[in-house]
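Student:
There are 6 protein chains.
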Amino acid sequence: MTTLAQQYSITQEPFYQQQSNEVALYEAAYKARLPVMVKGPTGCGKSRFIEYMAWKLGKPLITVACNEDMTASDLVGRYLLEANGTRWLDGPLTTAARIGAICYLDEIVEARQDTTVVIHPLTDHRRQLPIDKKGELLQAHPDFQLVISYNPGYQSLMKDLKQSTKQRFVGFDFDYPAPELEARIIATETGIPLADATRLVKVGGVARALKGHGLDEGISTRLLVYAATLINGAVAPTDACRMALVRPITDDADIRATLDHAVDAIFG
Amino acid sequence: MTTLAQQYSITQEPFYQQQSNEVALYEAAYKARLPVMVKGPTGCGKSRFIEYMAWKLGKPLITVACNEDMTASDLVGRYLLEANGTRWLDGPLTTAARIGAICYLDEIVEARQDTTVVIHPLTDHRRQLPIDKKGELLQAHPDFQLVISYNPGYQSLMKDLKQSTKQRFVGFDFDYPAPELEARIIATETGIPLADATRLVKVGGVARALKGHGLDEGISTRLLVYAATLINGAVAPTDACRMALVRPITDDADIRATLDHAVDAIFG
Amino acid sequence: MTTLAQQYSITQEPFYQQQSNEVALYEAAYKARLPVMVKGPTGCGKSRFIEYMAWKLGKPLITVACNEDMTASDLVGRYLLEANGTRWLDGPLTTAARIGAICYLDEIVEARQDTTVVIHPLTDHRRQLPIDKKGELLQAHPDFQLVISYNPGYQSLMKDLKQSTKQRFVGFDFDYPAPELEARIIATETGIPLADATRLVKVGGVARALKGHGLDEGISTRLLVYAATLINGAVAPTDACRMALVRPITDDADIRATLDHAVDAIFG
Amino acid sequence: MTTLAQQYSITQEPFYQQQSNEVALYEAAYKARLPVMVKGPTGCGKSRFIEYMAWKLGKPLITVACNEDMTASDLVGRYLLEANGTRWLDGPLTTAARIGAICYLDEIVEARQDTTVVIHPLTDHRRQLPIDKKGELLQAHPDFQLVISYNPGYQSLMKDLKQSTKQRFVGFDFDYPAPELEARIIATETGIPLADATRLVKVGGVARALKGHGLDEGISTRLLVYAATLINGAVAPTDACRMALVRPITDDADIRATLDHAVDAIFG
Amino acid sequence: MTTLAQQYSITQEPFYQQQSNEVALYEAAYKARLPVMVKGPTGCGKSRFIEYMAWKLGKPLITVACNEDMTASDLVGRYLLEANGTRWLDGPLTTAARIGAICYLDEIVEARQDTTVVIHPLTDHRRQLPIDKKGELLQAHPDFQLVISYNPGYQSLMKDLKQSTKQRFVGFDFDYPAPELEARIIATETGIPLADATRLVKVGGVARALKGHGLDEGISTRLLVYAATLINGAVAPTDACRMALVRPITDDADIRATLDHAVDAIFG
Amino acid sequence: MTTLAQQYSITQEPFYQQQSNEVALYEAAYKARLPVMVKGPTGCGKSRFIEYMAWKLGKPLITVACNEDMTASDLVGRYLLEANGTRWLDGPLTTAARIGAICYLDEIVEARQDTTVVIHPLTDHRRQLPIDKKGELLQAHPDFQLVISYNPGYQSLMKDLKQSTKQRFVGFDFDYPAPELEARIIATETGIPLADATRLVKVGGVARALKGHGLDEGISTRLLVYAATLINGAVAPTDACRMALVRPITDDADIRATLDHAVDAIFG
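Chains as they are written, first to last, in the numbering used here: chain A, 350 to 617; chain B, 350 to 617; chain C, 350 to 617; chain D, 350 to 617; chain E, 350 to 617; chain F, 350 to 617.
Okay, structure coming up:
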């Protein structure tokens with residue numbers, strides 16, 4: 350088991366800037382092993398936060414990117430056919446429950462219902478995972494914790510968690526970092542001057558103000574880091590902004606013009 | 350067979366506070382082996398009640414969290430391919446019928462119809478489970494009983510039990526415990542002072558009053574226990590309430606403001 | 350073959366009260382081996398009638414609860430993978446055709462079309478079952494008869510038998526027994542006094558009058574028997590009626606109030 | 350091959366009454382091996398006609414009841430897993446093309462499109478069946494002919510043959526036999542007096558006049574034969590008519606009253 | 350490989366009457382190995398033209414009738430399970446690319462998208478077929494050419510080729526032959542007098558004028574040949590026309606009357 | 350591994366005409382290994398550009414044509430059943446991540462969501478591919494880069510990338526080359542006189558002006574090259590234009606007339 354735990358442990362401290370008292374609150378939730386739900390827009394640092402907490406708590410982290418074609422078997426495990434009959438292969442959720450890892454189900458709303466229901470007995474006082482196909486009732490390792498992420502912007506009539514699932518978690522809200530903090534994050538991560546990073550954050554601010562007015566989602570911190578990376582690679586800042594901030598997020602000619610204009614004004 | 354029965358028996362008395370004469374009524378239903386349907390909102394204690402009754406009656410309990418991708422084979426069993434051909438593996442319903450367990454199908458409306466129809470011959474005078482794939486007609490153990498849970502709040506035109514299924518069960522209605530009782534439950538389970546527990550129940554009351562007016566479902570007893578656990582872990586009560594009671598259940602800004610305001614007023 | 354026939358034979362006379370001349374008519378249909386369709390609401394005794402006729406005629410009875418996920422293979426049979434290759438396993442319809450049983454397909458409208466079409470050659474002058482996967486053309490045993498049940502209340506635009514299927518059967522209509530008869534049935538089956546049974550039938554009558562006016566279906570004879578069983582187990586009649594007659598069939602507050610009121614008036 | 354041909358040959362002359370010159374026309378179509386489409390309402394004798402022609406021409410007949418879950422593999426064949434690897438099993442269409450049988454695809458519109466497209470190369474000058482999964486290009490036996498049946502009453506926007514399929518067949522229209530002929534058919538098949546048979550045909554006439562006015566389809570000749578069979582088995586004619594003619598085809602109370610009244614008037 | 354090429358080569362010159370300069374244009378397209386799309390109504394001779402060109406160019410022809418249940422594996426190939434593990438079986442497209450055949454995908458719009466996308470790398474400068482399941486990147490044989498057929502009449506919002514597929518082909522339009530030519534084709538193919546063939550073409554003309562006015566598609570040349578075949582088999586011309594031209598293409602009573610009237614007028 | 354890298358390396362310089370500074374920008378993006386999204390209409394040279402960059406950077410290129418039936422397993426890999434049990438076969442994405450290739454997912458919007466989600470961990474700071482079915486967490490080769498293409502014209506409410514996917518890429522916009530450049534490309538690739546190539550580009554311009562006014566998409570550079578190829582093969586220019594430019598892209602009679610007229614005017 351040691352090897353699996355080692356394979357999934359975070360060996361280097363991930364770069365993470367605390368925004369409020371979220372680290373202490375998470376530690377309290379982990380101490381009681383309460384299941385955690387992190388909410389917030391794309392690319393604002395949800396996954397980075399969980400990675401950081403796993404590193405800080407010294408627990409292995411198993412991440413699963415959920416999708417609508419994922420089945421319960423993809424999480425729990427399946428039998429593989431081999432030369433000498435079948436061999437059982439634990440899925441990532443089962444592995445996490447066995448070795449005492451933090452299991453992070455990214456974008457859980459994308460998954461089919463059987464995937465969300467399978468976590469129920471792991472998220473109440475039972476902390477059990479019934480592996481029906483093996484006839485095994487797995488009692489979770491004392492260190493095991495379940496974390497899910499959730500983007501409220503995607504929430505629609507068609508796809509939402511059931512209340513009977515939601516009411517098994519404590520929640521953390523995330524948003525883009527405050528401007529000064531975000532500029533410092535960008536400068537630290539990429540090495541560009543703080544002045545340029547501040548300009549990039551301004552471009553981000555323009556796009557985020559357009560959310561709901563022609564844009565589904567603002568520009569993420571990740572894309573700002575991409576633009577900074579290109580600038581660091583000697584690409585002209587206006588080219589870098591167009592490539593990394595404008596073209597990926599919209600094909601609408603008006604919005605593009607607005608954003609291009611903002612880029613020229615800020616970097617001109 | 351003894352081992353399976355032992356694996357599923359409840360060895361410690363589950364914490365359960367009787368609300369009315371439901372324990373005696375359940376005992377009468379079990380004595381006649383009538384199939385039981387328990388109804389009520391999320392997290393009000395339905396599963397805990399069945400666990401308690403299984404413990405009280407000294408019968409093993411096999412719980413299945415139903416979901417829309419579950420097939421009849423997931424309940425009844427399937428053939429596994431092995432080195433020396435195939436081996437039959439009983440599903441949880443078959444196991445329960447063989448060893449005389451209480452089989453609890455949680456959130457049965459979520460399941461596909463083939464799952465609900467498969468229980469029909471187990472719920473009339475026949476008490477049989479035809480295992481077509483094995484060519485076996487299993488007569489249920491005299492101790493076997495079937496229990497299903499059902500959340501009327503979810504009931505829609507698309508998903509409801511057929512009358513031919515419903516009319517095979519006697520019904521128990523559940524709701525959140527009365528305020529004083531609920532406060533006592535929370536204080537007993539988590540160890541926080543009764544005064545704090547009473548305040549948490551008041552927050553719960555505000556949210557439950559919003560059901561149908563912006564909330565699909567009120568705050569469950571389980572979430573109140575989560576908040577109490579965090580308070581017990583030295584988290585500030587207002588933080589604990591936001592994390593455990595407000596953020597998980599809604600993303601609506603107005604409802605959040607109302608609930609946050611209530612939290613501040615009650616704990617301020 | 351003898352063993353299979355024995356496994357499915359009805360060894361004890363099922364309790365059945367004739368309502369009209371349906372037993373003689375069924376005997377005439379069986380004599381000509383005409384396929385039979387029994388229609389009527391949930392829990393009015395359709396399955397019990399077929400069980401009784403199978404016992405009276407001394408023929409084995411194979412019952413299949415149809416559902417929308419059932420495939421033709423579930424009826425006809427399939428190959429199982431074994432150590433020495435594959436082994437064919439007859440499905441229940443094939444078994445019935447081989448051993449000369451009465452095959453009863455319960456709630457046939459629920460099944461997918463391939464299931465309903467597969468019975469066509471068994472229901473005309475050919476009386477054959479082509480088992481394409483085996484390359485076998487099975488001639489039905491002279492004693493074989495096909496019976497289907499059908500609940501007209503469920504019949505919708507989406508789910509109905511095709512006329513080319515319907516026009517292969519002679520039909521029997523069923524309904525709840527007349528009040529006096531139903532009371533006698535309940536008293537005989539459960540041992541409660543006839544006066545109580547008569548009161549239960551009155552409650553049933555109230556609910557049946559609400560069919561189409563807020564209830565999809567009236568209270569079945571089966572539920573009345575459940576209530577009588579609870580009364581026999583020392584449960585208060587009003588509690589027994591609420592558990593067995595009111596809660597299972599509706600969550601509508603108005604209808605519940607009406608029924609509860611009727612229960613109190615009748616048993617008060 | 351001889352055995353397969355024998356298994357599917359019609360050894361006894363089927364009872365068939367010619368209605369016009371359809372036998373001669375069919376013989377001309379068969380002589381040129383033109384694919385044939387027979388159209389008409391349920392139970393009017395389409396299948397019986399093809400059976401008769403197969404007997405008259407001395408060719409084996411392979412009948413397939415089409416349904417919406419049928420795949421091309423169900424027609425063409427598939428590999429079966431066996432102890433020594435896989436074994437190919439010809440489907441009914443392939444068998445018919447190999448042994449020179451008449452292949453009758455009953456209710457072809459019910460089938461999925463891949464089933465209808467698979468017959469294309471067999472129905473033009475190529476007379477070939479590409480068995481892609483085997484890598485075989487099967488040249489049809491010179492005696493092979495393809496026949497499909499088609500009920501125009503079912504034809505809807507959702508389910509209809511494509512013109513590129515239709516335009517590969519010559520067509521035969523069928524309808525219920527003329528009254529005198531139909532009465533004679535019924536009397537001959539069941540042995541009841543011609544007077545009773547004539548009365549049954551009158552009932553049939555009433556129902557057929559209601560087609561499109563509350564009935565999807567008239568009463569078929571097959572059901573009239575059922576009623577006659579019951580009368581022959583000493584069932585009262587009015588009971589026989591209700592069981593065989595009224596109850597199977599409709600649950601509409603008004604239509605039932607109309608038909609019951611007609612039965613009473615005709616047999617009273 | 351020689352044997353496969355022989356199996357698919359056209360050994361006898363197919364009967365084909367050139368309508369314009371389409372033979373020379375096809376030869377130019379084949380010389381540059383440009384992918385070809387042939388468009389036109391049902392039964393106007395598209396398939397016959399490709400067969401003729403394959404014969405004329407001396408290349409093997411592999412034809413695939415596309416349908417909506419066809420998968421990419423049906424075209425590219427799959428692994429078969431055998432006694433000694435799995436064996437790869439090339440699909441028709443792979444076979445054609447290996448042996449240098451003309452691969453003709455008939456009615457490509459019927460196929461699912463994965464089938465149409467799989468041909469992309471074969472239809473640009475790469476002329477490659479990636480066989481992902483084998484890990485093979487097949488370079489097409491220099492003689493390989495891809496041809497698809499397409500019936501614009503079927504083109505709907507739901508089913509149409511994507512522009513990224515369309516823009517990989519050069520196109521040929523087909524229509525019914527001019528009247529004199531069509532009469533000559535019919536007389537030559539079936540041996541009936543040219544006068545009768547001319548009358549049949551007149552009937553065809555009436556139906557084709559009704560296209561879009563009650564008929565989805567006109568009468569194809571193939572059906573005219575069927576009618577001529579029946580006339581040649583001593584069937585009365587009016588009977589032959591009804592069987593081969595009227596009944597297969599429509600069930601509309603008015604259109605049938607119009608066409609029957611035309612038949613009587615032309616052959617009367 | 351060397352062999353796989355060689356199999357996918359571009360050995361000859363692909364013909365590519367730079368339109369702006371896209372080559373330098375791509376090199377900057379590749380240097381930072383940023384994931385790249387190329388956008389633009391069908392056949393404007395997106396795939397050619399990526400092929401050129403792979404050649405210029407000396408990296409192997411693995412191209413996958415995405416489609417709606419493609420599963421995550423098609424990208425990541427699967428177990429194959431063999432004589433001695435199962436063997437794992439890397440999918441194209443896994444192969445690219447292992448050998449350090451550029452992986453080009455063509456028309457990514459066509460793919461199902463599980464395919465797009467599977468690339469997430471490869472496109473952030475982790476650069477990992479979890480191969481759940483093998484229990485392997487693959488760290489991408491330092492040379493690995495992911496490229497996707499995207500046709501904004503296809504973008505609809507039903508099919509669009511999620512923002513959480515989009516915001517992982519830097520973007521390149523493509524369009525048809527400017528007229529003089531396009532004419533030079535055509536003349537260079539096919540060898541026809543520049544005057545003829547210029548005329549073809551004029552025809553293309555007429556069609557591109559009709560985009561959104563009856564045409565879904567303009568004529569691609571690829572089709573202009575096809576027409577030039579036919580002209581080079583001695584086909585009359587007007588015939589070549591009809592075959593290669595008009596017939597493939599539309600069946601609308603008016604648009605065809607407009608385009609045919611333009612062809613006659615330009616080449617007349």
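For glycine and all other residues, C-beta sits at the position ideal for the given N, C-alpha and C.
1) Where does residue 386(B) fall in DSSP's three states?
2) Here's a check: name, in chain order, each residue in its chain whose Cβ is nearer than 7 Å to the Cβ of residue 355(F), leaving out the five neighbours to either side.
3) DSSP three-state label for residue 414(F), please.
4) Between the alpha carbons of residue 570(A) and residue 592(A), how many angstroms are there, rounded?
5) Can you say whether residue 400(E) is buried or exposed, counting buried as having 16 or more other CB atoms within 10 angstroms of its CB?
6) For the candidate residues 501(E), 461(E), 519(E) and 545(E), whose alpha-carbon lies nearest to that of residue 513(D)?
7) Kindly list the residues whose CB is nearer than 8 Å to the CB of residue 505(A), restricted to its own chain and excluding five residues on each side of it in sequence; keep chain order.
8) Suppose you measure from the CA of residue 381(C) to the CA of residue 459(C); what does that come to, to the nearest Å?
9) Counting Cβ pairs closer than 8 Å, one from the stretch 585-600 of chain B and one from the stretch 515-522 of chain A, do we hit at least three?
10) Hey, does residue 537(D) have any beta-carbon neighbour from chain C nearer than 7 Å?
11) What are the residues in the stretch 357-376 of chain F lying within 7 Å of chain A by C-beta distance?
12) Please confirm if residue 387(B) has its CB atom under 7 Å from at least one CB of chain C.
13) Would you kindly check if the distance between the Cβ of residue 419(D) and the Cβ of residue 391(D) is under 7 Å?
14) With DSSP collapsed to three states, give me the class of residue 453(C).
15) Does the contact criterion of 3 or more C-beta pairs under 8 Å hold for the stretch 401-417 of chain E versus the stretch 373-387 of chain E?
16) Quick check: what's the CA-CA separation for residue 507(E) versus residue 511(D)?
17) Looking at chain B, is there any beta carbon in it that lies within less than 7 Å of the beta carbon of residue 493(A)?
18) Give the interface partners of residue 453(A) over in chain F, defined as CB-CB distance under 7 Å, in chain order.
19) Is it the case that the stretch 570-579 of chain E contacts the stretch 532-541 of chain E, given that we only count it when at least three CB pairs across the two stretches are under 8 Å?
20) What are the start and end residues of the beta strand (DSSP E) that includes residue 499(E)?
21) On the premise that residue 550(E) lies in contact with residue 528(E), defined as a C-beta separation below 8 Å, what is that separation, rounded to the nearest angstrom?
22) Among 489(F), 452(F), 474(F) and 610(F), which one has its Cα closest to the Cα of residue 498(F)?
23) Please report the straight-line C-alpha distance between residue 612(A) and residue 552(A), rounded to a whole angstrom.
24) Determine the DSSP secondary structure at residue 534(D), reduced to helix, strand or coil.
25) Report the partner residues of residue 438(B) according to the DSSP bridge assignment.
26) So, is residue 370(C) buried or exposed, given that buried needs 16 or more other C-beta atoms within 10 angstroms?
27) Just the C-alpha distance for residue 441(F) and residue 567(F), rounded to the nearest angstrom, thanks.
28) Using the Cβ count rule (16 or more neighbours within 10 Å means buried), how would you classify residue 610(A)?
Tutor: Looking at the coordinates:
1) Correct three-state label for residue 386(B): strand.
2) The beta carbon of residue 355(F) lies closer than 7 Å to none in the same chain, with the five residues before and after it left out.
3) Under the three-state reduction of DSSP, residue 414(F) is assigned to strand.
4) Taking the straight line from one Cα to the other gives about 15 Å.
5) Per the 10 Å Cβ criterion, buried.
6) The shortest Cα separation from residue 513(D) among 501(E), 461(E), 519(E) and 545(E) belongs to 501(E).
7) The predicted model places residue 505(A) with a pLDDT of 48, which falls under 50 and marks its position as unreliable, so this point remains unresolved.
8) A direct Cα-to-Cα measurement between residue 381(C) and residue 459(C) gives close to 28 Å.
9) Touching, yes, given that three or more Cβ pairs across the two stretches are closer than 8 Å.
10) False, the Cβ-Cβ gap to chain C never drops below 7 Å.
11) Under the 7 Å Cβ criterion, the stretch 357-376 of chain F contributes 374.
12) By this cut-off, residue 387(B) is not an interface position.
13) Contact: no.
14) The three-state secondary structure of residue 453(C), taken from DSSP, is strand.
15) They touch, by the three-pair rule.
16) In this prediction, residue 507(E) has a pLDDT of 49, which is less than 50 and means its spatial position is unreliable; what the coordinates show is noted afterwards. The alpha-carbon atoms of residue 507(E) and residue 511(D) are separated by roughly 15 Å.
17) Not a single CB atom of chain B sits nearer than 7 Å to the CB of residue 493(A).
18) Chain F residues near residue 453(A): none, gap ~11 Å exceeds 7 Å.
19) With the cut-off at 8 Å, the stretch 532-541 of chain E and the stretch 570-579 of chain E touch.
20) According to the DSSP assignment, residue 499(E) belongs to the beta strand (DSSP E) that extends over 494-499.
21) For a cut-off of 8 Å, the C-beta gap from residue 528(E) to residue 550(E) is around 5 Å, short enough to register as a contact.
22) With distances taken between Cα atoms, residue 498(F) lies closest to 452(F).
23) One alpha carbon belongs to residue 612(A), the other to residue 552(A), and they sit about 6 Å apart.
24) Residue 534(D): helix per DSSP, three-state reduction.
25) Bridge partners of residue 438(B): 427(B).
26) That one is exposed.
27) Between residue 441(F) and residue 567(F), the alpha-carbon positions lie close to 32 Å from each other.
28) So residue 610(A) counts as exposed.
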